[in-house]
Structure formats: C-alpha cells, structure tokens
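Enquirer:
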Amino acid sequence: MKTLLIGESREGRLLNATYELFGASEKLKSEPILFLAGTEAGLPSYAGTLYLADAKKYGEYNPDLHKNMILQVVEKENPDYVVFLHSSYGRDLAPRIAASLRIGQVSEVVDIVDGTFELTCCNARMHRSVRVSTPRAVVTIQPGAFSPIRPGGTPLIQAMQTDALSSIEFAGYEPAGPEQIDLGKAGIIISAGRGIGTKENTALIWNLARILGGEVGASRPVVDAGWIEHSRQIGSTGQTVSPELYIACGISGAIQHLAGIKNSGYIVAINKDRDAPIGEIADALVVADVTQFLPALTERVTKP
Amino acid sequence: MKLLVCIKQIPDMESQFKPDESGSWFEESGLVYRMNEYDDYAVEQAVLLKEQLGGEPDLTVLSIGPDRVVEIIKKALAIGCDRGVHIHDPAVAHKDPWQIASLIANFAKEQHYDLIFTGMQSQDRGSAQVGVMAAEQLGYASATTLVGFTYHEGLITGLCELEGGLKGIVKLRTPALVTCQSGLNTPRYPALPNILKAKKKEIRTIPASDLSRAAALTATTRIFKPEKKGSGIILEGDTSTLADRVINLIRENTTLLR
Ligand SMILES: Cc1cc2nc3c(=O)[nH]c(=O)nc-3n(C[C@H](O)[C@H](O)[C@H](O)COP(=O)(O)OP(=O)(O)OC[C@H]3O[C@@H](n4cnc5c(N)ncnc54)[C@H](O)[C@@H]3O)c2cc1C
Ligand SMILES: Nc1ncnc2c1ncn2[C@@H]1O[C@H](COP(=O)(O)O)[C@@H](O)[C@H]1O
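So the sequence lines, in the order shown, correspond to chains A and B.
The first sequence begins at 1 in our numbering and counts up one residue at a time.
The second sequence begins at 1001 in our numbering and counts up one residue at a time.
1. With 7 Å as the limit, tell me which residues of the region 1124-1135 of chain B have their beta carbon closer than that to any beta carbon of chain A; keep them in chain order.
2. Output needed for B/Met1133: all residues of its chain with C-beta closer than 7 Å, excluding positions within five of it in sequence on either side, in chain order.
3. Whole angstroms is fine: what's the gap from B/Val1170's alpha carbon to A/Ala288's?
4. For a test of the three-state rule: what should DSSP assign to A/Phe35, helix, strand or coil?
5. Is there a C-beta anywhere in chain A that falls below 8 Å from the one on B/Lys1200?
6. Distance check for A/Val223 and A/Glu200, CA to CA, integer angstroms please.
7. Is the region 1034-1042 of chain B close to the region 1113-1123 of chain B, with three or more CB pairs under 8 Å?
8. Starting from A/Ser133, trace the beta strand (DSSP E) in both directions and tell me its first and last residue.
9. Cβ of A/Thr291 within 7 Å of any heavy atom in ligand 1?
10. Mind checking whether B/Ile1223 and A/Met126 have CB atoms under 8 Å apart?
11. Expressed to the nearest angstrom, what Euclidean distance is found between the alpha-carbon atoms of A/Arg150 and A/Pro44?
12. So, are the CB atoms of B/Ile1007 and B/Ala1105 less than 8 Å apart?
13. At the level of alpha carbons, what is the spacing between A/Glu8 and A/Lys57?
14. Quick one: is A/Ala41 buried, meaning 16 or more other Cβ sit within 10 Å of its Cβ, or exposed?
15. Determine the direct distance from the alpha carbon of A/Met1 to that of A/Glu31, and round the result to whole angstroms.
16. Output yes or no for whether 8 Å exceeds the beta carbon distance between A/Ile251 and A/Gly213.
17. Restricting to Cα atoms, I'd like to know which of A/Ala99, A/Pro155, A/Glu108, A/Ala53 is closest to A/Phe84.
18. Within 10 Å of its beta-carbon, does A/Gly253 have 16 or more other beta-carbons around it, so buried, or fewer, so exposed?
19. Buried or exposed: where does A/Asn16 fall if 16 or more other Cβ atoms within 10 Å of its Cβ makes it buried?
20. Do A/Ala269 and A/Ala282 count as a contact pair if the criterion is CB distance below 8 Å?
21. Apart from the five residues on each side of it in sequence, which residues of its chain come closer than 6 Å, Cβ to Cβ, to A/Tyr266?
22. Can you tell which of B/His1152, B/Ser1142, B/Asp1089 has its C-alpha closest to the C-alpha of B/Leu1053?
23. Taking just the CA atoms, how far does A/Leu204 sit from A/Thr291?
24. A/His127 touches chain B at which residues, Cβ-Cβ below 8 Å?
25. Excluding five sequence neighbours on each side, which residues of the same chain lie with their C-beta closer than 7 Å to the C-beta of B/Leu1048?
26. Taking Cβ positions only, does A/Phe293 come closer than 8 Å to chain B?
27. Going along chain B in order, which residues have a C-beta closer than 8 Å to the C-beta of A/Gly172?
28. Indicate the three-state DSSP secondary structure (helix, strand or coil) for A/Tyr46 in the structure shown.
29. Whole angstroms is fine: what's the gap from B/His1094's alpha carbon to A/Val139's?
30. Please determine whether the Cβ atom of A/Arg220 lies at a distance below 7 Å from any heavy atom of ligand 1.
31. Nearest chain A C-beta to B/Gln1045 closer than 8 Å, yes or no?
32. Does the beta carbon of A/Leu297 sit closer than 8 Å to a beta carbon anywhere in chain B?
33. Is it a yes or a no for the region 95-105 of chain A touching the region 69-80 of chain A, going by three-plus beta-carbon pairs under 8 Å?
34. Can you look up B/Asp1039 in the DSSP assignment and give me helix, strand or coil?
35. When you check each C-beta in the region 117-145 of chain A against every C-beta of chain B, which residues fall closer than 7 Å?
36. Are there any heavy atoms of ligand 2 lying less than 7 Å away from the beta-carbon of B/Gly1131, as far as the coordinates show?
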C-alpha cells in the first residue's frame, strides 16, 4: 500500500499538522510519500520522496495548478490513498482530485480501522463507518484526530512543474483587521455560545468576566450574529487560547470550537443538554439553563 | 444572467439521533427539519447579487430530497429566488456526495447557469464535497468557504476563509461555483407579503432517476453514537447548589478563587 500525503505550508512555513498525515498513513499500514506546495526553507523532517511545488512560482493556494501537479504524482506513483488535512486547503482541493480521478472521497476522518473509515456527522453526535467502493480513495483527516509522527531525516526533492492554466487567481492574504484582542494570554475566559439566546443575555457573560477578572470569548454563531465582536471568536478560524479556567456557556462543542480551547487548564461547560459533545472535553459539565445558572454563579462569587 | 442556488434540508442538530432500520443512516421520523445553516448564506448571497444587478438575473433554487424539502424551497422563494426545482429523491440520504453532485451537474448542464451558489458543507453529513464536485463535473471554476463576495461584470472577487483568522483573496470568472461560509452576509427573514407572493412561484419536480444514474463511490456501512470518552463529571440539580459545587471545583482544581 502506498499513500500520497498532501502537506501544507503557510507564508513559507511548514504547518506542523502535516505530521498528522504520517499518523494516518501508519493507520493505513502504508508507505508514505509527500507532496507539498512550499519552499526549500520550510522542508519537513522526513527522509522519503518529496514532490515539491515551488510556492513562489505556483502559490501556496492555487487549486488548478496544485491539482494538476498532484495528478502528475498520482499518475507516476499510483498511490492507493491520497490523504489531505480537513483544513481550508484540503477541503478545497480534495474533491477536485477525487472528481478528476473519479474515485471515492471520505471527509473528516477521525479513525481508520482495517481500511474502514470512521467519520463524524451531525455535529459529532453520531459517527459513521464508511467504505470506499473504488480501488483508490481520497481521504481528509480531522485535524487533531491522528497522533503526529515526525519521521526524521532530509527529504529527497523532486521539483514539480506545470504549465497548466489556472481559472482562479490568488491575490494574496487579506491583512488582519484593525485592532485585535489577544485572548492567548488570558488566565480566565468566559465564552458565550448560541445557547445564550440573545444579545442582551451576553451581559451575563460580561458580568461574570468582570467579577472574575477574566476575558470574554465567543463561539462563531455568536460573533456572526453580531452579539459579541469578531475578534473574540475562539476556535480553528478564530483564536487559540490556553487559560487556567475556561467557562463555556451554551456552547455545543463542535470540533472547530474545541480546536481553540483544548489547551485550557480546567474547563467548565454549562449546557442544558446532558449529551452535548462539549461533555467530551469539559472537566465539569453543568446541566442547566445558562440564563438561570450564570446569575446564581455570579452571585456566589460576589458574596461567598 | 442565470443563477442557481443549491440547498439541503437537514434535521435540527440538537435532536436525539438514533440509527434507522438499515443501520446506515439515522431514523428520520420525529425529527424537525430546516435549511442547512450554510445554505442560508448561499441563498442570501444569490438574492443580494440579483438585487445588485437590478433584479435582472433569473434565480433558481434547487433541492434534492423527499417531499418535505419543498418547505425550504418555499422559504428560498419567499426570500427572493424566482423559481424552484425539486429533484425528487426519497433515498437521497443513502446517496454519496458524488451522486448528489452528478444530479446537480446534470441538471445545471442544460440550463447554462453563469453562477452557482452552494453551502460550504451540510451540517448532518458535513462532507464539504458536493459543491466542488458539481463544479468539477461541469468544468466550472470554483472557490470555497467564502466569507466575502463581490461581483462585477463576470469577475468574482472572493475572500476564502483560512485558519486562525487569515483570509485569502481570490479572483475568478463566470461560469463559476462558490461555496458559502457562515458570516458571509446576514441572512434575512422572509417578509409576510413575500411569503404570500412566493406561493405563486413555480416549483418544478424532476424525478432523480431522470437526471443521473451515477453509481456511488462510497458507502456508509454503519451509523452509531460514539462512545463517550470524556472523563469529566456531570453536575445536575438545583441552580444554587450547582453554583456552590462549581465554585468548590474551581477552588480545588485551579489557583483561582482562593
Ligand atoms: C470551517 C469551519 C470553521 C469553523 N470555525 C469555528 C470557530 O473558529 N469557532 C467556533 O466556535 N465555531 C466554528 N465553526 C462553527 C462550528 O462548526 C459550530 O457551528 C459552532 O461552534 C457552534 O457554536 P455554538 O456551540 O455556540 O452553537 P450550537 O452548536 O448551536 O450550540 C448551542 C448549544 O447551547 C445549548 N443551549 C441552548 N440553549 C441553552 C440554554 N438556555 N442554556 C444552556 N445551554 C443551552 C444547546 O444544548 C447547544 O449545545 C466553524 C465551522 C466550520 C465549518
Ligand atoms: N440534497 C441536496 N440538495 C441540494 N443541495 C445539496 C444537497 N446536498 C448537498 N447540497 C449542497 O452541497 C453543499 C455541501 O454539502 P456536503 O457535501 O454534503 O457537505 C450544501 O451546503 C448544499 O449547498
């Protein structure tokens, strides 16, 4: 078995998550080879063949050109699996490869058991086992689900070329917004999720944060709704935090939110649903209505 | 100009899911259904574009599924789509993304849409495949996970969301397909007069088997509740006792509140 792993780099640096692909390759009991759109300054620690697309020439993101070069490698190496991270890059590129090769794709895989893929669905409330009916498969793995492996060594570089035309132009990264609130160093964070119900109710969060001397964070739907400013969003597309205490109020525990909080010291979750996936990571899950529980907690902190 | 927006009906994610008789999908009876969250943004963006162009584009909304999906088609018509297409398929839950993409692509091929909007993923299956696969089958340019969208004379400028707050700027020309991420816009609620007007709009029904008989490339063999691995404690009871217990836990497990 052979696996073509699709690594990632961002602004010239190899993303560490690339090593999780080697973890998946091991679970597939297969021999890894690597494709990377990157630069010689950010090479992985790995001694096998590295098909390197020069990011200066072909960009870190260019679906048509990268697709063309990955298909060249597939043709040459004939891998059984092409494995991506289930990241913005992988989600974009993987279906293009699967469609071009007319082979099955399994997305956001969390485990692999004897060639059967385990995937989450319904916001992590259910899992599915999926088999691929084609001889080869495209796989995207959930970030964090596979233990990283650093093979070590220096790669044997095969420089990739393409003169394919591109239907999409990458015009660079958008500069970050004006003032960013850095929650990375906060010791206490109280976060609001959709379960807080209304913008007015976020006052309960601000109050508790003020009394505890903590910062306010939020899940994505809360910032999308304009209840709390964007720069306080926590998760894979927001900030990564590591407070000593994290209090999640009315947050279900989607993987993209958990990605931002897993380095927290102690996690308290308040949720009216006993089965909410946040229970998987919380040290204490309080089964209660946030709008009733938060005033009670705030009162106890003020008047012990 | 012709626009298409693809929407999926999904159950409320807070539902109690259990496997159905086949063991490969969840039991659908008794669930409350609504429009996939990401598709709300797709519909809104399509309607915004139609408005930007003075109402000129013809905007079709398409959904594949059993009879009940007509509800979300009607919602999209009330928001501002011109016509509905219901690709009737009671077994859609057992089709894989490739097959669903084939239905969309085969329908769209004859209609020559300039621009197609989809959600970035469906909340129940979450494969994030259907939009891009449909674009590839049609030979359309595509951009994914948009949190920004502008259109000017056939040129789309999109903001693709990457990780950690970073965004990439992309430019592509029609014909194209874009997948929409939450936060792209603020979806409106249908106004009552528009709900009434929408009742007169056409909804065409096409049996799925008329459009595609593509074979599945993947198959779900089992759906199940994941084993609980969390080692945390669960606290239940009356609010004031709960507050006391939480304060004690914070004292015992952190350096705070001492
Ligand atoms: C590519 C991508 C990137 C993403 N990035 C992020 C990210 O960076 N950060 C992020 O947060 N999300 C992100 N998301 C969204 C993520 O998938 C979830 O949709 C989101 O985290 C859900 O937010 P939530 O938990 O607040 O809302 P929901 O999932 O709607 O959960 C609300 C919870 O509140 C509970 N509840 C309701 N009412 C009450 C009450 N009165 N009292 C107590 N509990 C109550 C419910 O039981 C439920 O568990 C991303 C998604 C994608 C696809
Ligand atoms: N049954 C369906 N009917 C119409 N559109 C769909 C259907 N399934 C998926 N889509 C579209 O494809 C997107 C991605 O879905 P998925 O690949 O299942 O995550 C959705 O947001 C919809 O826009």
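We put the beta carbon where it would ideally sit given N, CA and C, even for glycine.
Expert: Walking through what the data contain:
1. Asp1124, Arg1125, Gly1126, Ser1127, Ala1128, Gln1129, Val1132, Met1133
2. Locating residue 1133 of chain B in the second sequence gives position 133, counting from the first residue. Excluding positions up to five away in sequence, the list reads Pro1097, Trp1098, Ala1101.
3. In the second sequence, residue 1170 of chain B corresponds to position 170, counting from 1. In the first sequence, residue 288 of chain A corresponds to position 288, counting from 1. Their backbone Cα atoms lie some 44 Å apart in a straight line.
4. Taking the first sequence and counting its residues from 1, one reaches residue 35 of chain A at position 35. Strand at A/Phe35.
5. Within the second sequence, the letter at position 200 stands for residue 1200 of chain B. By this cut-off, B/Lys1200 is not an interface position.
6. As a working mapping, residue 200 of chain A is identified with position 200 in the first sequence. As a working mapping, residue 223 of chain A is identified with position 223 in the first sequence. So the alpha carbons of these two residues sit roughly 14 Å apart.
7. yes
8. What you label residue 133 of chain A is simply residue 133 of the first sequence in a count that begins at 1. Looking at the DSSP string, A/Ser133 is not in any beta strand (DSSP E), and its letter there is neither H nor E.
9. Working through the first sequence from its first residue, we reach residue 291 of chain A at position 291. It does: the Cβ of A/Thr291 is within 7 Å (strictly closer) of some heavy atom of ligand 1.
10. Within the second sequence, numbered from 1, the residue matching residue 1223 of chain B stands at position 223. Within the first sequence, numbered from 1, the residue matching residue 126 of chain A stands at position 126. For B/Ile1223 and A/Met126, yes; Cβs fall inside 8 Å.
11. Working through the first sequence from its first residue, we reach residue 150 of chain A at position 150. Working through the first sequence from its first residue, we reach residue 44 of chain A at position 44. Their Cα atoms are separated by approximately 8 Å.
12. For the purposes of this step, residue 1007 of chain B is taken as the residue at position 7 of the second sequence. For the purposes of this step, residue 1105 of chain B is taken as the residue at position 105 of the second sequence. No, the Cβ-Cβ distance between B/Ile1007 and B/Ala1105 is not below 8 Å.
13. By one-based count along the first sequence, residue 8 of chain A stands at place 8. By one-based count along the first sequence, residue 57 of chain A stands at place 57. In a straight line, the C-alpha of A/Glu8 is about 16 Å away from that of A/Lys57.
14. To locate residue 41 of chain A, count along the first sequence from 1; it is residue 41. Flag for A/Ala41 reads exposed.
15. Numbered from 1 along the first sequence, position 31 holds the residue referred to as residue 31 of chain A. Numbered from 1 along the first sequence, position 1 holds the residue referred to as residue 1 of chain A. Between A/Glu31 and A/Met1, the C-alpha separation is close to 6 Å.
16. Within the first sequence, residue 251 of chain A is the residue found at index 251, counting from 1. Within the first sequence, residue 213 of chain A is the residue found at index 213, counting from 1. Taking 8 Å as the Cβ cut-off, A/Ile251 and A/Gly213 do not qualify as a contacting pair.
17. In the first sequence, residue 84 of chain A corresponds to position 84, counting from 1. Among A/Ala99, A/Pro155, A/Glu108, A/Ala53, the Cα nearest to that of A/Phe84 belongs to A/Glu108.
18. Position 253 of the first sequence holds residue 253 of chain A. Looking at its Cβ environment, which holds 16 or more other Cβ atoms inside 10 Å, A/Gly253 is buried.
19. Counting from one through the first sequence, the residue named residue 16 of chain A turns up at place 16. Counting Cβ neighbours within 10 Å, A/Asn16 comes out exposed, since fewer than 16 surround it.
20. Locating residue 282 of chain A in the first sequence gives position 282, counting from the first residue. Locating residue 269 of chain A in the first sequence gives position 269, counting from the first residue. Yes, the pair counts as a contact, with Cβ atoms nearer than the cut-off.
21. Numbered from 1 along the first sequence, position 266 holds the residue referred to as residue 266 of chain A. Here the set comprises Leu245, Asp283.
22. As a first step, residue 1053 of chain B is located in the second sequence; it is residue number 53 there, counting from the start. The candidate whose alpha carbon is nearest that of B/Leu1053 is B/His1152.
23. Counting from one through the first sequence, the residue named residue 291 of chain A turns up at place 291. Counting from one through the first sequence, the residue named residue 204 of chain A turns up at place 204. Their backbone Cα atoms lie some 8 Å apart in a straight line.
24. As a working note, residue 127 of chain A is residue 127 in the first sequence. Ordered by position in chain B, the residues that pass the 8 Å Cβ test against A/His127 are Ile1223, Phe1224, Lys1225, Pro1226.
25. Position 48 of the second sequence, counted from the first residue, corresponds to residue 1048 of chain B. Once the five neighbours on either side are set aside, the close Cβ partners of B/Leu1048 are Asn1185.
26. In the first sequence, residue 293 of chain A corresponds to position 293, counting from 1. By this cut-off, A/Phe293 is an interface position.
27. Along the first sequence, read from residue 1 onward, the residue named residue 172 of chain A stands at position 172. Ordered by position in chain B, the residues that pass the 8 Å Cβ test against A/Gly172 are Gly1168, Ile1169.
28. Position 46 of the first sequence, counted from the start, is the residue given in the question as residue 46 of chain A. It is a strand residue.
29. Working through the second sequence from its first residue, we reach residue 1094 of chain B at position 94. Working through the first sequence from its first residue, we reach residue 139 of chain A at position 139. Rounded to whole angstroms, B/His1094 to A/Val139 spans 19 Å at the Cα level.
30. If you number the first sequence from 1, residue 220 of chain A lands on position 220. Yes, the Cβ of A/Arg220 comes within 7 Å of a heavy atom of ligand 1.
31. Sequence index remark: in the second sequence, residue 1045 of chain B carries index 45 (1-based). By this cut-off, B/Gln1045 is not an interface position.
32. By 1-based counting over the first sequence, the position of residue 297 of chain A is 297. Output row for A/Leu297: interface = yes.
33. yes
34. Your numbering for residue 1039 of chain B matches position 39 in the second sequence. DSSP places B/Asp1039 in helix when its eight states are reduced to three.
35. Cys121, Cys122, Asn123, Arg125, Met126, His127, Arg128, Ser129, Val130, Arg131, Val132, Ser133, Thr134
36. Against the second sequence, residue 1131 of chain B aligns to sequence position 131. Yes, Cβ of B/Gly1131 sits closer than 7 Å to a heavy atom of ligand 2.
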